[in-house]
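Visitor: Take a look at this one; I'll ask things after.
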Amino acid sequence: MAAYFQNGYFEEALGLLSQMEFEDILPNEYTFAVLLNSCAGLSALRHGDLLHASVEKSGFKDHAIVGNALVNMYSKCGNIQAANDVFLDMTSRDAVTWNAMISGFSHHGLGNEALNVFQDMLEAGERPNNITFVGVLSACAHLGLVQEGFYYLNQLMKQIGIEPGLEHHTCIVGLLSRAGQLDQAEKYMRTMPVKWDIVAWRSLLNACHVHKSYGLGKRVAEVVVQMDPNDVGTYTLLSNMYAKAKRWDGVVQIRKLMREKNIKKEPGVSWVEIRNTTHIFVSDDNIHPESSQIHEKVGELLAKIKLLGYVPDIAAVLHDVDDEQKEDYLSYHSEKLAIAYALMKTPTEAPIRVIKNLRICDDCHAAVKLISKVTNRLIIVRDANRFHQFQDGKCSCADYW
1 MAAYFQNGYF EEALGLLSQM EFEDILPNEY TFAVLLNSCA GLSALRHGDL
51 LHASVEKSGF KDHAIVGNAL VNMYSKCGNI QAANDVFLDM TSRDAVTWNA
101 MISGFSHHGL GNEALNVFQD MLEAGERPNN ITFVGVLSAC AHLGLVQEGF
151 YYLNQLMKQI GIEPGLEHHT CIVGLLSRAG QLDQAEKYMR TMPVKWDIVA
201 WRSLLNACHV HKSYGLGKRV AEVVVQMDPN DVGTYTLLSN MYAKAKRWDG
251 VVQIRKLMRE KNIKKEPGVS WVEIRNTTHI FVSDDNIHPE SSQIHEKVGE
301 LLAKIKLLGY VPDIAAVLHD VDDEQKEDYL SYHSEKLAIA YALMKTPTEA
351 PIRVIKNLRI CDDCHAAVKL ISKVTNRLII VRDANRFHQF QDGKCSCADY
401 W
């Protein structure tokens with residue numbers, strides 16, 4: 001099981017449990033830890049819930065290794081409240097426990113909660129490590145706390161005796177970017193004696209896209225393309241920037257370059273788990289057996305949110321076509337279809353959890369905020385960047401992702 005898990009074969013790891021049971025071998029705390037972490041790798045919340053019930057029955061609830069795996073599983077499957085409930089119920093905690101909770105809150109955009117747990121960790125006398133500070137600096141980035149971030153990096157880490165690594169410096173780039181200090185972020189990267197990787201440069205590139213800093217974005221994209229000439233995400237972001245600036249010549253140029261290099265944009269896919277079945281959607285999906293009802297539901301939702309001021313963000317469409325056609329492209333993005341289907345098939349008070357393989361587009365983000373308001377539902381979308389918790393017309397990412 002552990003070998004499968006460590007090599008990313010999560011389904012195979014989970015499959016061994018039934019074989020163990022068939023051979024009358026009882027699972028122990030290590031079995032449950034590996035299985036729960038495999039569920040985290042697959043975002044298989046329902047399976048994780050069933051394992052949690054088995055943990056309770058088997059009496060392994062109070063083992064720190066199992067509690068840590070439960071916190072990790074619930075965080076990565078999008079149920080941060082359940083992760084916090086497990087965390088609060090744990091009788092013994094170690095550094096892994098605290099780190100899992102800090103990182104979990106941070107990844108869900110709940111920066112204040114992450115920093116509160118960090119304070120509790122210090123008060124409990126638990127020594128933070130380098131992983132702790134990745135979560136703490138990420139929390140500062142979500143909140144735009146520039147001064148506090150530099151305090152943790154330059155003073156507290158030094159006091160504790162931890163040498164900042166690449167991941168900590170990357171968090172600082174994210175922090176400056178989030179705060180809109182893009183020039184300072186670029187200067188930090190150009191002057192710090194750090195061997196930057198593509199993740200840090202893409203963090204700055206993403207900020208250029210969010211803050212509409214297209215000149216800097218082009219410079220940063222050149223660096224990223226030098227590091228990885230086949231990085232499809234960079235070409236897509238550049239194309240997005242040109243499209244938003246209505247520079248269709250730039251969009252054409254990027255597309256031509258992608259064709260020459262044989263780089264294909266990954267299609268957007270979203271999936272949602274309903275009653276033990278995973279339903280997968282692609283944009284403008286007509287394959288699902290209930291596609292006509294789903295399209296009807298999307299139309300109904302869009303009509304409702306237009307009354308609240310929703311205007312389709314046609315700048316998010318990367319095709320030089322008329323506005324009406326652009327609106328059609330946007331209406332049936334995969335995440336809208338997945339959310340509409342979940343609204344059709346789940347109880348009215350149940351949270352909706354959707355996973356998407358790419359970054360959620362600006363239009364879907366604006367639409368889902370308002371859908372959460374008109375339906376009075378908690379909608380959680382995990383995209384390629386982070387978790388988005390949509391509730392009552394707001395998102396936990398505060399519109400930065």
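Residues in the sequence shown are numbered from 1 upward in steps of one, following UniProt numbering. For each residue, glycine too, the CB sits at the ideal point set by N, CA and C.
The alpha helix (DSSP H) that contains residue 142, what's its start and end?
Guide: Locating residue 142 in the sequence shown gives position 142, where the first residue counts as 1. Counted as a single uninterrupted DSSP element, the alpha helix (DSSP H) harbouring residue 142 occupies residues 130-143.
Visitor: What separation, rounded to the nearest whole angstrom, lies between the Cα atoms of residue 97 and residue 398?
Guide: Mapped onto the sequence shown, residue 97 falls at position 97. Mapped onto the sequence shown, residue 398 falls at position 398. A direct Cα-to-Cα measurement between residue 97 and residue 398 gives close to 27 Å.
Visitor: At the level of alpha carbons, what is the spacing between residue 224 and residue 240?
Guide: As a first step, residue 224 must be located in the sequence shown, where it is residue number 224. As a first step, residue 240 must be located in the sequence shown, where it is residue number 240. Near 16 Å, if we compare the C-alpha coordinates of residue 240 and residue 224.
Visitor: Measure the Cβ-Cβ separation of residue 270 and residue 345 and say whether it is below 8 Å.
Guide: Taking the first residue of the sequence shown as position 1, residue 270 is located at position 270. Taking the first residue of the sequence shown as position 1, residue 345 is located at position 345. No, these two residues do not count as a Cβ contact at 8 Å.
Visitor: Applying the 10 Å Cβ sphere with the 16-neighbour rule, what's the burial state of residue 109?
Guide: Walking along the sequence shown from the start, residue 109 turns up at place 109. By the 10 Å Cβ count, residue 109 comes out buried.
Visitor: Is DSSP giving residue 259 helix, strand or coil here?
Guide: For the purposes of this step, residue 259 is identified with residue 259 of the sequence shown, where counting begins at 1. Three-state result, residue 259: helix.
Visitor: Could you pull the DSSP bridge partners for residue 271 from this structure?
Guide: For this step, residue 271 is matched to residue 271 along the sequence shown. Looking at the DSSP assignment, residue 271 forms a beta bridge with 280 and 355.
Visitor: Do you know whose CA, among 47, 393, 158 and 218, lies nearest residue 186's CA?
Guide: In the sequence shown, residue 186 corresponds to position 186, counting from 1. It is 218.
Visitor: Please return the same chain residues whose Cβ sits closer than 7 Å to the Cβ of residue 67, not counting the five positions on each side in sequence.
Guide: For the purposes of this step, residue 67 is taken as residue 67 along the sequence shown, with counting starting at 1. Excluding positions up to five away in sequence, the list reads 86, 90 and 97.
Visitor: I believe residue 132 touches residue 102 by the beta-carbon criterion, under 8 Å. Please report the beta-carbon distance rounded to the nearest angstrom.
Guide: Sequence index remark: in the sequence shown, residue 132 carries index 132 (1-based). Sequence index remark: in the sequence shown, residue 102 carries index 102 (1-based). Sure, about 6 Å apart at Cβ, within 8 Å.
Visitor: Just verifying my parser: in three-state terms, what is the DSSP assignment at residue 190?
Guide: Numbered from its first residue, the sequence shown carries residue 190 at position 190. Residue state, collapsed to three classes: helix.
Visitor: Quick one: Cα of residue 118 to Cα of residue 179, how far?
Guide: The residue you call residue 118 lines up with position 118 of the sequence shown. The residue you call residue 179 lines up with position 179 of the sequence shown. Whole-angstrom Cα-Cα distance: 22 Å.
Visitor: Helix, strand or coil for residue 395 per DSSP?
Guide: Taking the sequence shown and counting its residues from 1, one reaches residue 395 at position 395. If DSSP states are grouped into helix, strand and coil, residue 395 belongs with the strands.
Visitor: Considering only DSSP beta bridges, list what residue 387 is partnered with.
Guide: As a working mapping, residue 387 is identified with position 387 in the sequence shown. Residue 387 pairs with 382.
Visitor: By the three-class DSSP mapping on this structure, what secondary structure does residue 238 have?
Guide: The count along the sequence shown starts at 1 and reaches residue 238 at position 238. Note: residue 238 maps to helix in three-state DSSP.
Visitor: So residue 162 is in the alpha helix (DSSP H); what residue range does that whole segment cover?
Guide: Along the sequence shown, read from residue 1 onward, the residue named residue 162 stands at position 162. Counting along the chain, residue 162 falls outside any alpha helix (DSSP H), and DSSP gives it neither H nor E.
Visitor: Could you spell out where the alpha helix (DSSP H) holding residue 170 opens and where it closes?
Guide: Locating residue 170 in the sequence shown gives position 170, counting from the first residue. 166-178 is the span of the alpha helix (DSSP H), which, as asked, contains residue 170.
Visitor: May I have the straight-line CA-CA distance separating residue 275 from residue 45, to the nearest angstrom?
Guide: As a working mapping, residue 275 is identified with position 275 in the sequence shown. As a working mapping, residue 45 is identified with position 45 in the sequence shown. Whole-angstrom Cα-Cα distance: 11 Å.
Visitor: From what residue to what residue does the alpha helix (DSSP H) around residue 364 run?
Guide: Position 364 of the sequence shown holds residue 364. Under the DSSP assignment, residue 364 falls in the alpha helix (DSSP H) whose first and last residues are 362-375.
Visitor: For residue 9, does the three-state DSSP call read helix, strand or coil?
Guide: Counting from one through the sequence shown, the residue named residue 9 turns up at place 9. Three-state result, residue 9: coil.
Visitor: Looking only at C-alpha atoms, which of 362, 55 and 150 sits nearest to residue 243?
Guide: Working through the sequence shown from its first residue, we reach residue 243 at position 243. Per the Cα distances, 362.
Visitor: Quick one: measure Cβ to Cβ for residue 198 and residue 227, integer angstroms, because I've assumed they're closer than 8 Å.
Guide: Position 198 of the sequence shown, counting from 1, holds the residue named residue 198. Position 227 of the sequence shown, counting from 1, holds the residue named residue 227. That pair is a contact at about 5 Å.
Visitor: Could you tell me the boundaries of the alpha helix (DSSP H) in which residue 308 lies?
Guide: Translated into the one-based positions of the sequence shown, residue 308 becomes position 308. From DSSP, residue 308 is part of no alpha helix (DSSP H); its letter is neither H nor E.
Visitor: Under a Cβ-count criterion, where at least 16 other Cβ atoms within 10 Å of its own Cβ denotes burial, should residue 72 be classed as buried or exposed?
Guide: Position 72 of the sequence shown, counting from 1, holds the residue named residue 72. Label assigned to residue 72: buried.
Visitor: Hey, would you say residue 205 sits closer than 8 Å to residue 234, going by beta carbons?
Guide: The residue you call residue 205 lines up with position 205 of the sequence shown. The residue you call residue 234 lines up with position 234 of the sequence shown. Yes.
Visitor: Taking C-alpha atoms, which residue in 79, 55 and 24 lies nearest to residue 352?
Guide: As a working mapping, residue 352 is identified with position 352 in the sequence shown. Out of 79, 55 and 24, 79 has the C-alpha closest to the C-alpha of residue 352.
Visitor: Report the three-state DSSP secondary structure of residue 348 (helix, strand or coil).
Guide: Locating residue 348 in the sequence shown gives position 348, where the first residue counts as 1. Residue 348: coil per DSSP, three-state reduction.
Visitor: Rounded to whole angstroms, what's the CA-CA distance from residue 10 to residue 41? Just pull it up for me.
Guide: As a first step, residue 10 must be located in the sequence shown, where it is residue number 10. As a first step, residue 41 must be located in the sequence shown, where it is residue number 41. Roughly 7 Å between the two C-alpha positions.
Visitor: Thinking C-alpha only, which one of 137, 160, 92 and 75 is nearest residue 122?
Guide: Against the sequence shown, residue 122 aligns to sequence position 122. Cα-wise, what sits closest to residue 122 is 160.
Visitor: Can you have a look at residue 93 and say buried or exposed, based on whether 16 or more other CB atoms are within 10 angstroms of its CB?
Guide: Counting from 1 along the sequence shown, the entry for residue 93 is found at position 93. Its Cβ being crowded by 16 or more others within 10 Å, residue 93 is buried.
Visitor: For residue 51 and residue 288, I'd like the C-alpha separation in whole angstroms.
Guide: In the sequence shown, the residue the question calls residue 51 occupies position 51. In the sequence shown, the residue the question calls residue 288 occupies position 288. Taking the straight line joining both Cα atoms gives about 30 Å.
Visitor: Is it buried or exposed, residue 20, if we count other Cβ atoms within 10 angstroms and call 16 or more buried?
Guide: In the sequence shown, the residue the question calls residue 20 occupies position 20. Under this definition residue 20 is an exposed residue.
Visitor: Candidates 84, 267, 305 and 57: which alpha carbon is nearest residue 358's?
Guide: Residue numbering aside, residue 358 sits at position 358 when the sequence shown is read from its first letter. For residue 358, the nearest C-alpha among the options comes from 267.
Visitor: Could you spell out where the alpha helix (DSSP H) holding residue 60 opens and where it closes?
Guide: One-based indexing of the sequence shown puts residue 60 at position 60. For residue 60, no alpha helix (DSSP H) encloses it, and the DSSP letter there is neither H nor E.
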